[in-house]
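**Student:**
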Amino acid sequence: MSDGFVRAIKAAEIAPGGMKAVELHGRELVICNCDGIFHAIDRRCGHMSSPLEMGTLDGSILTCAMHGAQFDVTTGEALSGPVPAYLGNETLPPRTGALLSHVGALMQHIRTESIGTYRVKVESEWVLVALS
Amino acid sequence: MNPTSRKKALRHFFGKVVEPLGFKFTPDAELAEFLLDQEVALEAKHGVPFCPCQPIRRDRARDMQIVCPCIPFHRKHFDAMKRCWCGLFVHEDVTDPDSLPQIPAKDLGLE
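Below, the structure written as structure tokens:
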């Protein structure tokens, strides 16, 4: 479309509180229905790139299903890192301690970045997203 | 991620927990911000947002009872005070939180 918006999905396909992944021009997005107001965000979690549509949407706060990182879908702002947080000093069972210590040591260096958001409008039953 | 962002999420989810219990955030906005700042710092240190006004005893069963919002674990005590221990939450009818003092549970005959 001339104004930069492209059709993403029919509005009726996402119930309030729901999300759906779409691919537009090779870009992976998630369309979120926050109680009737639609938002579009990057599909990949800012923590470890998990698909965010598998998480849960509570108001405008999306919680990633993989490690619990949270984002505000209206701004893309990261609100929480992974849960549990990897502090590097956890006491672990001896049999699994060595492996998990190693994983924890790696995980504590992973930052949770904010994610991209896109302008959205609804016209003629379609959710339109501006990719530019 | 900065503390302001984390406070936004804590506010959102804490509100969903305390409202059905008949509590709300204290009308003292400055106090609420201060306490949430402390909780964000505690969460960064310990992994969970402990109450900033109660001691961490390194006893998991007891420590889990002071993870904010800890109202369900101290219901009689907090209902008697009309506030939680640190004052982040007050009964929904409270408009003057400064009039509500901390009262130890034993002074209320609850221990």
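In order, the protein sequences belong to chains A and B. Position 14 (the first sequence) corresponds to 14 in the numbering used here; numbering is contiguous. Position in the second sequence (from 1) plus 1000 gives the number in the numbering used here. C-beta: ideal position from N, C-alpha, C; glycine also. Here the structure is a predicted model, which is why all the values come from computation and not from measurement.
I'd like to know if A:D72 contacts chain B, where contact means its C-beta is closer than 8 Å to some C-beta of that chain.
**Tutor:** Translated into the one-based positions of the first sequence, residue 72 of chain A becomes position 72. So, interface residue.
**Student:** Give me the subset of the stretch 1004-1036 of chain B whose CB atoms are less than 7 Å from a CB atom of chain A, sorted by chain position.
**Tutor:** Answer set for the stretch 1004-1036 of chain B: S1005, R1006, K1008, A1009 and H1012.
**Student:** If contact is defined by three or more beta carbon pairs under 8 Å, each pair taking one atom from either stretch, is the stretch 35-52 of chain A in contact with the stretch 64-84 of chain A?
**Tutor:** Contact holds: three or more Cβ-Cβ distances are below 8 Å.
**Student:** Taking Cβ positions only, does A:A105 come closer than 8 Å to chain C?
**Tutor:** The displayed structure is made up of protein chains A and B, and chain C is not among them.
**Student:** Buried or exposed for A:V103, please, with buried defined as at least 16 other CB atoms from any protein chain shown within 10 angstroms of its CB.
**Tutor:** Indexing the first sequence from 1 puts residue 103 of chain A at position 103. Label assigned to A:V103: exposed.
**Student:** Within a Cβ cutoff of 8 Å, which residues of the same chain sit near A:G59, ignoring the five residues on either side of it in sequence?
**Tutor:** Numbered from 1 along the first sequence, position 59 holds the residue referred to as residue 59 of chain A. Correct list, in chain order: C34 and D35.
**Student:** At a Cβ cut of 9 Å, what residues of the stretch 1042-1057 of chain B count as close to chain A, listed as they run along the chain?
**Tutor:** So the close ones are E1043, A1044, K1045, H1046, G1047 and V1048.
**Student:** Could you give the residue range of the alpha helix (DSSP H) that holds B:T1004?
**Tutor:** Along the second sequence, one-based indexing puts residue 1004 of chain B at 4. It spans P1003 to V1018 - the alpha helix (DSSP H) in which B:T1004 sits, taken as one unbroken run.
**Student:** Considering just the uninterrupted stretch of the beta strand (DSSP E) at A:S40, what are its terminal residues?
**Tutor:** For the purposes of this step, residue 40 of chain A is taken as residue 40 along the first sequence, with counting starting at 1. Per the sequence shown, residue 40 of chain A should be read as Ala rather than Ser. A:A40 -> beta strand (DSSP E) spans I37 to D42.
**Student:** Roughly how many angstroms separate the alpha carbons of B:L1110 and B:P1072, rounded to a whole number?
**Tutor:** Reading the second sequence from its first residue, position 110 is the one you call residue 1110 of chain B. Reading the second sequence from its first residue, position 72 is the one you call residue 1072 of chain B. Near 15 Å, if we compare the C-alpha coordinates of B:P1072 and B:L1110.
**Student:** With distances taken Cα to Cα, identify the nearest neighbour of A:T74 among A:L57, A:G4 and A:V83.
**Tutor:** The residue you call residue 74 of chain A lines up with position 74 of the first sequence. Closest option to A:T74, Cα to Cα, is A:L57.
**Student:** Taking the straight line between their C-alpha atoms, what separation do you get for B:P1027 and B:D1096?
**Tutor:** For the purposes of this step, residue 1027 of chain B is taken as the residue at position 27 of the second sequence. For the purposes of this step, residue 1096 of chain B is taken as the residue at position 96 of the second sequence. Their backbone Cα atoms lie some 8 Å apart in a straight line.
**Student:** Quick check on the DSSP output: the alpha helix (DSSP H) that includes A:R27 runs from which residue to which?
**Tutor:** Mapped onto the first sequence, residue 27 of chain A falls at position 27. Element bounds for A:R27: not the alpha helix (DSSP H) but the beta strand (DSSP E), R27 to C34.
**Student:** Taking buried to mean at least 16 other C-beta atoms within 10 Å of its own C-beta, is A:H109 buried or exposed?
**Tutor:** The count along the first sequence starts at 1 and reaches residue 109 of chain A at position 109. Exposed, by the Cβ-count rule.
**Student:** Kindly indicate which three-state DSSP category B:K1106 falls into: helix, strand or coil?
**Tutor:** Against the second sequence, residue 1106 of chain B aligns to sequence position 106. B:K1106: helix per DSSP, three-state reduction.
**Student:** With respect to the beta strand (DSSP E) encompassing B:L1036, which residues constitute its N-terminal and C-terminal limits?
**Tutor:** As a position in the second sequence, residue 1036 of chain B is number 36, starting the count at 1. Looking at the DSSP string, B:L1036 is not in any beta strand (DSSP E); the run it does join, the alpha helix (DSSP H), is A1029 to H1046.
**Student:** Cα-Cα, which of A:F38, A:G26 and A:C32 is closest to A:E123?
**Tutor:** As a position in the first sequence, residue 123 of chain A is number 123, starting the count at 1. Nearest C-alpha to A:E123: A:F38.
**Student:** Using a C-beta cutoff of 8 Å, does A:A85 count as contacting chain B?
**Tutor:** Residue numbering aside, residue 85 of chain A sits at position 85 when the first sequence is read from its first letter. It does: the Cβ of A:A85 has a partner Cβ on chain B nearer than 8 Å.
**Student:** At 4 residues or longer, what runs of the alpha helix (DSSP H) sit wholly inside the stretch 73-116 of chain A?
**Tutor:** DSSP runs (the alpha helix (DSSP H)) wholly in the stretch 73-116 of chain A: 94-107.
**Student:** For my contact list, B:P1049 and B:E1033 are in at a C-beta cut-off of 8 Å; report their separation, rounded to the angstrom.
**Tutor:** The count along the second sequence starts at 1 and reaches residue 1049 of chain B at position 49. The count along the second sequence starts at 1 and reaches residue 1033 of chain B at position 33. In fact, because the Cβ distance is near 14 Å, the residues do not count as touching under 8 Å.
**Student:** Under DSSP, the beta strand (DSSP E) around A:H47 begins and ends at which residues?
**Tutor:** Working through the first sequence from its first residue, we reach residue 47 of chain A at position 47. From DSSP, A:H47 is part of no beta strand (DSSP E); its letter is neither H nor E.
**Student:** I'd like the span of the beta strand (DSSP E) that includes B:H1091, first residue to last.
**Tutor:** In the second sequence, counting from the first residue as 1, residue 1091 of chain B sits at position 91. Unbroken beta strand (DSSP E) run through B:H1091: F1089 to H1091.
**Student:** Which one of B:G1015, B:V1067 and B:L1100 has the shortest CA to CA distance from B:R1083?
**Tutor:** As a working mapping, residue 1083 of chain B is identified with position 83 in the second sequence. Cα-wise, what sits closest to B:R1083 is B:L1100.
**Student:** Could you check which residue in B:A1105, B:R1006, B:S1005 and B:T1004 has the C-alpha nearest to that of B:K1076?
**Tutor:** The residue you call residue 1076 of chain B lines up with position 76 of the second sequence. Cα-wise, what sits closest to B:K1076 is B:A1105.
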